[in-house]
Structures are given as C-alpha cells and as structure tokens.
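Visitor: Take the sequence shown: its letter number 243 is residue 309 in our numbering, and every next letter is one higher.
This is the structure I have questions about; it appears just below.
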Amino acid sequence: MAYLSYDIKPHKVKKIKTKYREIKTAIPNPKSVQVLKDLRKYEPRAMGGQPPIVWHKARNFNVWDEYGNKWIDFSSGVLVANVGHLREEVKQEILKQVKQGLIHNYCFPNVQRARLVKKLVSMSPKGIEKAFLLTTGSEAVECAIKLARTYGQKIGGKKKIGILGFSSAFHGRTLGSQMAGGIPGLKEWIVNIDKSFYQIPYPDGYFNKNTSFEYFKKALKAKKIKPNMIAGFLMESYQGGIAAFADKEYIKGVRAWCKKNKIIFIDDEVQAGFGRTGKLFSIEHYGITPDIICCGKGLSGGLPISAVLGPTKIMDIYGPGEMTSTHSGNPLVSRTAVKSLELIQNEKLVERSAKLGLILHAELNKIKDQHSDIIGAVNGKGLLVGVLFRKAGTENEPDGTIAFKIVKKCIEKGLMLYAPLGTGGATIKMNPPLIIEEAALREGISIFKEALEETLNEK
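Laid out in structure tokens, this is it:
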C-alpha cells in the first residue's frame, strides 16, 4: 500500500516572512539535495515518503532547515513533541543525566526508571498498578498481546487466545502488531497468518455507517467468534490513519462485553495519549477504563520510549527475567519522560489542547463546509485532526492525489505536515505541539486553506 513520493528537484517558491515562519530559498533547498539523494540511494525506498525537507533543528512549535527556512510545525514529528520540540526544561534534564555519567544500564536498577514507572502509575486510570517500559509502540503492542494471551489461557484454557480488533486499524510494523491490525496490504508478506486474530468493521460513521452495538454482535456471529475464544480486545482509542473516533455507545457496549466474558480490553494510546486529544488518555472520551494501556510517542518529549500499563494480576503473570528489553527504562530517556509528564501537568497542556482544539476544529469545519464536495470529514478531537479528501461526486471514495498536492503547497508556504495517509492516502493529519500559540495555530489553518484553494484553481 505504497503512497505517492515527493520530487527532490528544487523549484522556486514565493518568499514569505512572518513572526512564525519564513521561506527564503527554493524548496527543497539546492544545497540539501545531496543529502536527499544519499538517503534515497542508501536507504530502502520505503523511507522516501515524506516531504523533502532536511530538518536542521526544531524548537517548541517550529522547525528549521540549515538555510534559514522556518516552518510552523503541524506534525509534532508524528505526534511525539506534545510538550514542544527540545523544550529547554527537557534539554536540561538530558544534560544533567549525561553529566551524571549514566546513559544506559540494561535492566539493572536505576533511579530514573523508578521515578518514571511511579509517575506513570500515579497519572493512570484506576486499576492501573504497574508500568513496563519499552522502546517502540509496536513493542508495547506486542507485549500487550503476549500478556492478554497468557492471561487468557490461565483463566480460560488453551483455546482462549484470540485477539479481536478492527478493520483498517494500525498497531505497528512488527509481525504480531501487523497481524492484529486491520490493513490487508500490510500483511501480504506474512506467510502463515495466525487465524486467531480477528477484525470487524470499525464504527466510524463515515466508511462504516452502522455504528450500533447490535452490528458488533452481528459481526461476531458472521465470523463465528465466541467469547470463550477471545483473550483480548485491541483498539486504537482513535483510528490513527483517519483520526476517527468510534461511536461512544458502541465502545461502551464492547467494554461491558469484555468484562462479562473476562476479555482483556487493550487500549492502544501510542499516538493518542498525554493530552493530544484534550484528555490525558484518549480513551477517556468514551467514559470507560481499559485493562491495559499501550503508550509511547508523546511520552518523552522526543526520545524513543513506550510503556505498557496494567493491573498487577496481568502485569505479574511472568516471572523474574521473563520480560526484559535491552533499552527498557533507559535512564536518559526515563528522565526526560518524567520531565515531559511534569510539563504536561504543570502547564495544563491537556486543558490547553482541548481549548485550542475547539478553534482548530471549528475553523477546519468552516473550510469543509465551503468545500464539502471534496472534503468528506474533519475527524479528531483536541489538537488532533484528520481531514479526509474524497473525489467530487462520491460519498467517500478517497482522493489521495489532491491531499498530496495540498501538503506539498503547505510545505512551500511554511507549514510543516507529514505526507497524507490513511485509506487511499487521502487524509491530511494536523497535530501541532500542545504548546503552540493561538496566533500560530490560526496562521497554520490559513496556510492550509490557501494551499487548498490554490490547488483547486490549478485543476
């Protein structure tokens, strides 16, 4: 399911300078082309999908290249920089840890690891009693699957191993996480797909109009899925590719079904957590509490870390030494994660995300109303948006071409976005750092509108 690729040939663009952005050279800058060529020559083709801007530095909600061009960042480095890029407070924690003289110690105890797991548990929903630190979101999901299956067999026998999830879901790039996901194109490489992974239609109200809990029960019946077969139910708190939340009552019904049948409810918060959607954990929008939470990305303020959170009865199912990872609880990363969580709390970034999100969604919905023939939906909550483009005259047929062109123009005008993704590569996601100033947010929205209208005028 490859997407379109951006040209690396420099071309002249209009010079721009405002308080929040500056474009002063051709895009990409001619001096950066050799770097882009080296990346294309020495890396797999799969790495070449992003706009051809060679990042030089990033601070707070801005990104610069080496040649004086400056962007308002609506990417957060793919939902990582919730507290902003290289916050001074985070930077100082990195320097302190380096000065102390410890940046790695495998699974031997360290103070920063202890601080972080305690902090995570204290901030988590009721019932979360332990935290296991890992490195990537995929790794966290794999761990959650392992825990759910092991616990399922313990309480329900060898047949209680199934993992139920949603079609179009994305849970990572590794074997187990891709089998648990619901994107067929990502599974073509898998020789023997585990048949105990099941996917049912996602109740987003756009691609799937039926959002009733009765539809859930019908889907189980159609696939001959029985509760005693299922160890875990795995869902993204919003579906990442299109930023779509599921129907609230539907998910509440699923949660009750899981409790009744002793099925572990796994909440994949890897790209959703720590204030991104106007709640500390995005699952809170449904009014439910999961059994296990997988988190990552926005946890540390920029360094690689993930975590699995859960109750003692599940988290302690393996004995000493049976669940370890080379970089688990890395002291440098753990220290920055603690500071990131403190910033989220002390600066009330969850509330800020909710407040600024009202502006972001209201303004983008105005644009949608003006261009309802090609914009099918504006999904998301808080400072998380997915704008879904469709072919004119259709109900929801994705138009990845126009989304691709709009992102290209946004980049040229000083708004940093990552490449469109989701079904048909037709969703433009916007997720600025939670510390973005309101004026910069509004300027970013105006850039998007300008790029959209210029693209339409070129047709």
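Cβ atoms here follow ideal geometry from the backbone N, Cα and C, with glycine treated the same way.
(1) A210 and D382: beta carbons closer than 9 angstroms?
(2) Who are the Cβ neighbours of K185 in its own chain at under 7 angstroms, not counting the five residues just before and after it?
(3) Here's a check: name, in chain order, each residue in its chain whose Cβ is nearer than 7 angstroms to the Cβ of I472, leaving out the five neighbours to either side.
(4) Give every residue of the same chain whose Cβ lies closer than 6 angstroms to the Cβ of P280, excluding the five residues on either side of it in the sequence, and list them in chain order.
(5) Output yes or no for whether 9 angstroms exceeds the beta carbon distance between E315 and A235.
(6) Go through the stretch 365-403 residue by residue and report every complete run of the beta strand (DSSP E) that reaches 3 residues or more, in order.
(7) Of all the CB atoms in chain B, is at least one closer than 9 angstroms to the CB of Y172?
(8) So, with DSSP's three-state summary, where would you put W121?
(9) Do the stretch 88-96 and the stretch 499-510 touch if we need at least three Cβ pairs shorter than 8 angstroms?
(10) Taking the alpha helix (DSSP H) that V144 belongs to, which residues open and close that run?
(11) Spatial neighbours of K225 within its chain, please: CB distance less than 8 angstroms, with the 5 preceding and 5 following residues excluded, ordered by chain position.
(12) Between T489 and K162, what straight-line distance do the alpha-carbon atoms span, to the nearest angstrom?
(13) Who pairs with Y264 in a beta bridge, going by DSSP?
(14) So, helix, strand or coil for I440, using DSSP?
(15) Under a three-way DSSP split, which group does N523 fall into?
(16) Using only the alpha-carbon positions, how far apart do D313 and M496 sit?
(17) Beta-carbon within less than 7 angstroms of I138's beta-carbon, same chain only, minus the 5 sequence neighbours each way: which residues are those?
(18) Tell me the residue span of the alpha helix (DSSP H) that contains G218.
(19) Taking three-plus beta-carbon pairs below 8 angstroms as touching, is the stretch 234-249 in contact with the stretch 260-273?
(20) Do you know offhand how far W255's Cα is from G307's?
(21) Between which two residues does the alpha helix (DSSP H) holding G298 run?
(22) Is the Cβ-Cβ distance between L213 and I330 less than 9 angstroms?
Guide: The relevant details are as follows:
(1) no
(2) Exclusion of the five residues before and after K185 leaves V404, L407 as the residues of its chain whose Cβ lies within less than 7 angstroms of its Cβ.
(3) I494, A517, L518, T521
(4) The sequence shown places Glu at residue 280, rather than the Pro named in the question. Excluding positions up to five away in sequence, the list is empty.
(5) no
(6) 372-376
(7) Absent from the structure is chain B; it holds one protein chain and no more.
(8) coil
(9) no
(10) 142-145
(11) N294, M295
(12) C-alpha separation (whole angstroms): 44 angstroms.
(13) L230
(14) coil
(15) helix
(16) For D313 and M496, the distance between alpha carbons rounds to 22 angstroms.
(17) Excluding sequence neighbours, I138 sits near Y86, R87, F127, N128, G480, L481, M482, A506, E509, G510.
(18) From DSSP, the alpha helix (DSSP H) with G218 extends over 203-222.
(19) yes
(20) 21 angstroms
(21) Taken as a continuous stretch (DSSP letters only), G298 belongs to no alpha helix (DSSP H), being part of the beta strand (DSSP E) at 296-302.
(22) yes
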